[in-house]
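Engineer: Line by line, the protein sequences give chains A and B. All you need for the numbering used here is the position in the first sequence, starting with 1, plus 11. All you need for the numbering used here is the position in the second sequence, starting with 1, plus 9.
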Amino acid sequence: METLANLASGFGVALSWTALGVCFAGVTLGTFVGVLPGIGALAAISLCLPLTFYMDPTHALIMLAGIFYGAQYGSSTASILLNIPGTPSAIVTCLDGYPMAKQGRAGPALFITTITSFLGGSFAIILLIAFAPPLAKFALGFGAPEYFSIMLLGLVAASTISVGSPLKGLAMVVFGLVLGLVGTDVTSGTYRFTFGNLELTDGLNLVAVAMGLFGIAEILSNLVHDQHPRVDAKAITLRSLMPTRDDMRRSLMPTLRGSLVGSWVGAMPGTGPSIAAFLAYATEKRLAADPSRFGKGAVEGIAAPEAANNASVQAAFIPTLCIGIPGDAVMAFMLGAMMIHGIIPGPQFLSEQPVMFWGLVASFWIGNVMLLALNIPLIGLWVRILAIPRDLLYPAILFFICVGVYSVNNNPFDILIALGFGVVGYLMTAFGYPAAPVLLGFILGPLIEENFRRALFISNGDFGIFLRSPLSLTALVATVLLVIVPVTRRLKRPAVQPNAAVGE
Amino acid sequence: MGRILQSGETLFAIAVAAVGVIVVTIGAGYPIGDLAEPGPGVFPAALGLLLTVLGLGIAISGADQPAASARLPLRPLVFVGGAILVWAAVVEQLGFVPATVALVGISAFAERRIRPVAIASLAIVLSVGGIAAFIYGFRMPFEAFRW
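#1: From LEU211 of chain A to SER251 of chain A, what distance separates their C-alpha atoms?
#2: Following the continuous alpha helix (DSSP H) through ASN321 of chain A, name the residue where it begins and the one where it ends.
#3: Which whole runs of the alpha helix (DSSP H) in the stretch 66-140 of chain A are 4 residues long or more, in chain order?
#4: Along the stretch 397-413 of chain A, where does the CB come closer than 8 Å to a CB of chain B? Name the residues.
#5: Any beta carbon of chain A sitting closer than 7 Å to that of SER116 of chain B?
#6: Residues in the stretch 172-203 of chain A with C-beta within 8 Å of chain B's C-beta atoms, listed in sequence order?
#7: Count the other C-beta atoms from every protein chain shown that fall within 10 angstroms of the C-beta of MET162 of chain A, then say buried if there are 16 or more, exposed otherwise.
#8: Count the C-beta pairs between the stretch 54-72 of chain A and the stretch 27-45 of chain A that are closer than 8 Å, then say yes if the count reaches three, no if not.
#9: Leaving out five residues on either side along the sequence, give the residues of the same chain with a beta carbon under 6 Å from the beta carbon of TRP28 of chain A.
#10: Just the chain B side, please: which residues come within less than 8 Å of GLU460 of chain A by C-beta, in chain order?
#11: If we define contact as Cβ-Cβ less than 7 Å, is ARG500 of chain A a contact residue for chain B?
#12: Of all the residues that make up the stretch 98-111 of chain B, which are near chain A by a beta-carbon distance shorter than 9 Å?
#13: Hey, would you say ALA153 of chain B sits closer than 7 Å to VAL106 of chain B, going by beta carbons?
#14: Taking Cβ-Cβ distances shorter than 8 Å, what residues in chain A pair up with PRO8 of chain B?
#15: Tell me the DSSP bridge mates of GLY207 of chain A?
#16: Quick check: is the beta carbon of LEU382 of chain A nearer than 7 Å to any beta carbon in chain B?
#17: Closer than 7 Å by C-beta to LEU484 of chain A: which residues in its own chain qualify, once you throw out the five before and the five after it? Chain order, please.
#18: Taking C-alpha atoms, which residue in B:ASP43, B:ARG121 and B:ILE128 lies nearest to VAL235 of chain A?
#19: Under 7 Å between the Cβ atoms of MET381 of chain A and PHE122 of chain A?
#20: Take ALA22 of chain B and list the residues in its own chain whose beta-carbon comes closer than 7 Å to its own, dropping the five residues that flank it on each side.
#21: For THR266 of chain A, does the three-state DSSP call read helix, strand or coil?
#22: State the DSSP-derived secondary structure class of THR195 of chain A, mapped to helix, strand or coil.
#23: Would a check of beta-carbon distances place VAL30 of chain B closer than 7 Å to chain A?
#24: Is the Cβ-Cβ distance between TRP369 of chain A and GLY21 of chain A less than 7 Å?
#25: Does the beta-carbon distance from SER160 of chain A to GLU317 of chain A come in below 7 Å?
#26: Taking the continuous alpha helix (DSSP H) assigned at TYR292 of chain A, which residues delimit it?
#27: Since GLU152 of chain B meets chain A, which of its residues come closer than 8 Å, beta carbon to beta carbon?
#28: Could you check if ILE136 of chain A is buried or exposed, using at least 16 other CB atoms within 10 Å of its CB as the buried criterion?
#29: Just tell me which of B:SER116, B:THR61 and B:GLN102 has its CA closest to the CA of PHE88 of chain B.
#30: Give me the Cα-Cα distance between VAL416 of chain A and PHE206 of chain A, rounded to the nearest whole angstrom.
#31: Does the stretch 218-230 of chain A come close enough to the stretch 84-100 of chain A that 3 or more CB-CB pairs lie under 8 Å?
#32: Thinking C-alpha only, which one of A:GLN325, A:SER199 and A:ILE78 is nearest PHE129 of chain A?
Here's what the structure looks like:
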């Protein structure tokens, strides 16, 4: 009952005109970048972070979160129409979405992905409402050893449970941790890796690193590959959207199962919407009476993964908001944004800032309703975005990157940092190194180091402190397994699939 | 366009390991402390070592696979990089509008096909829109022109 009362007050916050306005701005921008291949949610969120400095923290979080889940809605559009995922999590949607479009059923495919996105998102929001208070209460008992071990598990999981080489993932997470070292050491006040640079004493600028790795690097990669897709925007009309009765019947159970899989995966450390969508697709294919239909335009093959990736992005807020430990790079960025706004993420967030917490949760659902309205009647508009000429799009994005990075500290130095990370990020992608673990390591690095050193300080140098807490022990055992299993599997079966540089 | 980086895969892995070595070297210069009070040098040293090992591991395990090649994007790199550098250099010296016009103009050369009218229009739209949104809207400390 207390939860319902809190939720009601949350809706009070989220339904104010300003909150509705920033929520709308967030989900619209999210859909926009989701539709556009080559620029993802992370780039858009980091672009907007400096703008939110001018807002109050609640509105800032509502807007940034809206970009994130809005991008998941938009991402299926390019998958279906062009066979190019708008964001990495929509790769799976290409498998059956594009064949549907080739059969002249792009309209129903777009309609169904929007509806299942909404259902998946709503399902996970209900779970978030139900589980957040007890989980936050439970997490209040966590100390430094638990935080260290769970974060370590998250980092290792994020780098090994992904497409591509686990070694490269691990190397990138360590690289991210190294980047996190730059600046003033919290515990001792020592300047580390600042090379006498005053600008670096506060550490590398989060927006500059993220814009480099996810904005500039993406633009460079896209400019190298000369593809320039064309799409016939006029073919998508409101009337052509309506799915058949058979489509609806076939989508129902996959949507439910996809929501379940997505919520579960999303709340786990180190995972994310890509893995959720992939697992949901695999589940449907295994359960199907006739698996051979998959890959040829089966509606189940788009309903389940789209429900799953939207459920997972909402569920990802559960550990981030209730424990203060983000599961993937985007959530880590949200955590960083919260800290910049002076909010300390963690179990005390819910009890100390109930209005902000519940306002944010309420805005999720309002945002999902807005997305439903934005995506179904206005789908033709979004499809036209795919026709924006590339030679105008990239200079415009570069402009926003420069303004965004500069405005964090009003310092041109940060732009140089962003450019440096853009080049590094381009090379990483070219050689199959994922970029997302770098950002995750970079943000969690200082937290993990602080908790490690604090735990040893508490135990007076006894490493047993990490093993005596059952939760910490479990996390450490899981971490070790995550490292060992891929290695032994690789030794048994030396032929590995070619690297796919997917970083989400 | 661009130069092809043959077998850059191994080279990149070695570069990763080299970063690790540098981190260990610098990290070892910070106080290590003791077990009960680990100093600021512990994490850098440990992470640098780990990065070195991982980089070498990737180099070795990748050696038996066919070498991946990547295109070094010379043209995009020069013009995208140049555009960003010029914006960063010009915005505080000459102002927001000159910086933006230069950025759009230079980055347009990253593509082979250049449409001068469209690019010029984009430069105008971004300059005017930017003044309205960022200088007047968000009150960011830019000056439109400054000389």
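Every residue, glycine too, gets a C-beta built ideally from N, C-alpha and C. Just so you know, these numbers come straight off a predicted model, no measurement behind them.
Structural biologist: Considering the structure as presented:
#1: 55 Å
#2: 311-326
#3: 68-93 and 102-113
#4: PRO400, ARG401, ASP402, LEU403, TYR405, PRO406, ALA407, LEU409, PHE410, ILE412 and CYS413
#5: yes
#6: SER176, LEU178, LYS179, LEU181, ALA182, VAL185, PHE186, LEU188, VAL189, LEU192, ASP196, THR198, SER199, THR201 and ARG203
#7: Label assigned to MET162 of chain A: buried.
#8: yes
#9: If we look at TRP28 of chain A and ignore the five residues flanking it on each side, it has no Cβ neighbours.
#10: Chain-ordered, the chain B residues with CB closer than 8 Å to the CB of GLU460 of chain A read PHE52.
#11: By this cut-off, ARG500 of chain A is not an interface position.
#12: ALA98, VAL100, GLU101, PHE105, ALA108 and THR109
#13: yes
#14: Chain B is shown only over 10 to 156; residue 8 of chain B falls outside these bounds and no answer can be derived.
#15: Per DSSP, none; premise fails for GLY207 of chain A.
#16: no
#17: Closer than 7 Å at the Cβ level, and outside the excluded window around LEU484 of chain A, lie LEU478.
#18: B:ARG121
#19: no
#20: The beta carbon of ALA22 of chain B is closer than 7 Å to those of GLY64, ILE67, ALA68 and GLY71 in its chain, skipping five residues each way along the sequence.
#21: helix
#22: strand
#23: Contacts with chain A at 7 Å (Cβ-Cβ) do not include VAL30 of chain B.
#24: Yes.
#25: no
#26: 284-298
#27: Under the 8 Å cutoff, chain A gives no residues; its nearest Cβ is about 12 Å from GLU152 of chain B.
#28: buried
#29: B:SER116
#30: 21 Å
#31: no
#32: A:GLN325
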